[in-house]
Amino acid sequence: MADHQAAAAMQGGERIGGGEAHAESASGELAHHFDSVEQQTEATTLGMWVFLVTEIMFFGGLFTAYLVYRSRNAEAFAAGSHHLDILLGGVNTVVLICSSLTMALAVRGAQIKARGSLVGNLILTMALGSTFLVIKAVEYGAKFSHHLFPGPRFVFEGPLARQVEMFYSIYFAMTGLHALHMIVGVGILAVILVQAQRVALRSRFKTRVETVGLYWHFVDIVWIFLFPLLYLIGRH
Amino acid sequence: MSEHVVSKKTYFAVFAVLMVGTAVTVQAAFINMGFLNNLVALGIAVVKATLVVLFFMHVRYSSRLTWIVVVSGLVWLIIMFAFTLSDYDTRGWLPYPGK
Numbered sequence: 151m152a153d154h155q156a157a158a159a160m161q162g163g164e165r166i167g168g169g170e171a172h173a174e175s176a177s178g179e180l181a182h183h184f185d186s187v188e189q190q191t192e193a194t195t196l197g198m199w200v201f202l203v204t205e206i207m208f209f210g211g212l213f214t215a216y217l218v219y220r221s222r223n224a225e226a227f228a229a230g231s232h233h234l235d236i237l238l239g240g241v242n243t244v245v246l247i248c249s250s251l252t253m254a255l256a257v258r259g260a261q262i263k264a265r266g267s268l269v270g271n272l273i274l275t276m277a278l279g280s281t282f283l284v285i286k287a288v289e290y291g292a293k294f295s296h297h298l299f300p301g302p303r304f305v306f307e308g309p310l311a312r313q314v315e316m317f318y319s320i321y322f323a324m325t326g327l328h329a330l331h332m333i334v335g336v337g338i339l340a341v342i343l344v345q346a347q348r349v350a351l352r353s354r355f356k357t358r359v360e361t362v363g364l365y366w367h368f369v370d371i372v373w374i375f376l377f378p379l380l381y382l383i384g385r386h
Numbered sequence: 026m027s028e029h030v031v032s033k034k035t036y037f038a039v040f041a042v043l044m045v046g047t048a049v050t051v052q053a054a055f056i057n058m059g060f061l062n063n064l065v066a067l068g069i070a071v072v073k074a075t076l077v078v079l080f081f082m083h084v085r086y087s088s089r090l091t092w093i094v095v096v097s098g099l100v101w102l103i104i105m106f107a108f109t110l111s112d113y114d115t116r117g118w119l120p121y122p123g124k
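Protein chains in written order, with this note's numbering: chain A, 151 to 386; chain B, 26 to 124.
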C-alpha cells in the first residue's frame, strides 16, 4: 500500500487512485470500471482491509514467536521486561491514541469537506507520530548504551542471560517493525497533507484520506498489544 | 457505508475509554493476580482494539463484506496461534518409539 500511495502521490493532482485514471468519467470522480461512487469507495476500503489482513499475518508471525518463547521462558521475559521504561512506553501509548483521534477527526474533516479541520488534524497526527518515533529512538538509545541490544555486546547478569537476550531480540524485532510502519505512515501523511491543501475535497480524495486512516489505526492497534505484552510483564 | 459521518462526541467518547483503558492496564500490571494478570492485560487490549476497529476504522458502519474480511483476518491469526501451540505444548506427551 505504501508503494501504491507513494506512486500515486508522485502523479499529483486529481487523477490519482486508480490505474485507469486516463479513462475516468468527465468529472474525474468515477473510474470507468465502477458503476457508482459508492461502489468505488467500497472497493477501495475493502482492498485496504485485505491488505491490513496480510499485515495482521505479518505481525502475527512475530506475535506467534513471542507466544512460543514467552510460554517457555516466562521468568526471563519478566526479567527482561523490567528493564523497559514503563513511563516512556506509557507516554508513547497515549501519544499514539491521541494520534488515532486526530486521524479520525482528519477523516471526518474530509467527509464534511472542512479543509481547515482536515489539514489541521493531519498536521497534528504527523506531529504525534513523529513524537512517538523520537521517544522510541530515545528508548532504543538507552537500550544500546545499557548493552541490551542482542548480539556480541549483549550483557545481562545471571543464569537467564541467553533467554533474556531472546526477549530483547523479539522486543527489537516487534517494535522495530512497528516503528518502520510508523515511519512509512508519517511519510504517507506528509504526501496526503500536501494534497489536502491543493485538491478538491471530493469523494475520491476523501476515500484516500480514509484509506490512510485505516493504515494509521492499524499501526495504533499493533502498539495497543505490544505495550502490555512487552512492558508490563510480571511487574507486581 | 463510508458516507456515515461519526459525530465528534462519539470519537471523543471512544478516545476517553481508550485513555482509561491504558491507565487501567498499567495499574493492573502492578497488582498481583497471578495467572489473571495476563488475561486482564490481554482483555483490556482486545477491548481497546475492538473500539478502534469499530469506531475509528468505521467497521461498525461498514458493509457485511468488510466485516467478513476483518473477521477472517482474526480467524487466520487464531489458527496460526492454535496450530503452533498445539505442536509446542504437546511435545513430550507421548514417548518416542524406541526410546
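Quick reminder that beta carbons are idealized off the backbone N, C-alpha and C, glycines included.
None of the values given here were measured: they were computed from a predicted structure.
Of the residues assessed, Leu268(A) falls on the buried side of the cut-off, its CB having 16 or more other CB atoms within 10 angstroms. Annotated three-state conformation of Pro378(A) is helix, per DSSP. Each of Phe375(A), Thr275(A) and Glu205(A) was checked against the Cα of Gly337(A), and the nearest Cα belongs to Thr275(A). For the segment 89-118 of chain B, the residues whose beta carbon sits under 8 angstroms from a beta carbon of chain A are, in order, Leu90, Thr91, Val94, Val95, Ser97, Gly98, Leu99, Trp101, Leu102, Met105, Phe106, Thr109, Leu110, Tyr113 and Asp114. With respect to chain A, the C-beta atom of Val30(B) has a partner C-beta closer than 8 angstroms.
Taking a C-beta cut-off of 8 angstroms against chain A, the contacting residues of the segment 54-82 of chain B are Ala54, Phe55, Ile56, Asn57, Met58, Asn62, Ala66, Leu67, Ile69, Ala70, Lys73, Ala74, Val77, Val78, Phe80, Phe81 and Met82, listed in chain order.
Within chain B, the residues whose beta carbon sits less than 9 angstroms from that of Ile262(A) are Val30, listed in sequence order. For Val45(B), not one C-beta of chain A is nearer than 8 angstroms to its own C-beta. Cβ neighbours of Leu180(A) within its own chain (closer than 8 angstroms, five residues either side excluded): Glu174, Ser186, Val187 and Gln190.
The Cβ atoms of Val359(A) and Val257(A) lie closer than 8 angstroms to each other. Taken in chain order, the members of the segment 366-381 of chain A whose beta-carbon sits within less than 7 angstroms of a beta-carbon on chain B are His367, Asp370, Ile371, Ile374, Phe375 and Pro378. For Ile285(A), the closest Cβ of chain B is not nearer than 8 angstroms. Contacts with chain A at 8 angstroms (Cβ-Cβ) do not include Val49(B).
When DSSP states are grouped into helix, strand and coil, Met44(B) belongs to the helix group. According to the DSSP assignment, Met82(B) belongs to no alpha helix (DSSP H), since it is labelled neither H nor E.
According to the DSSP assignment, Val100(B) belongs to the alpha helix (DSSP H) that extends over Arg89 to Tyr113.
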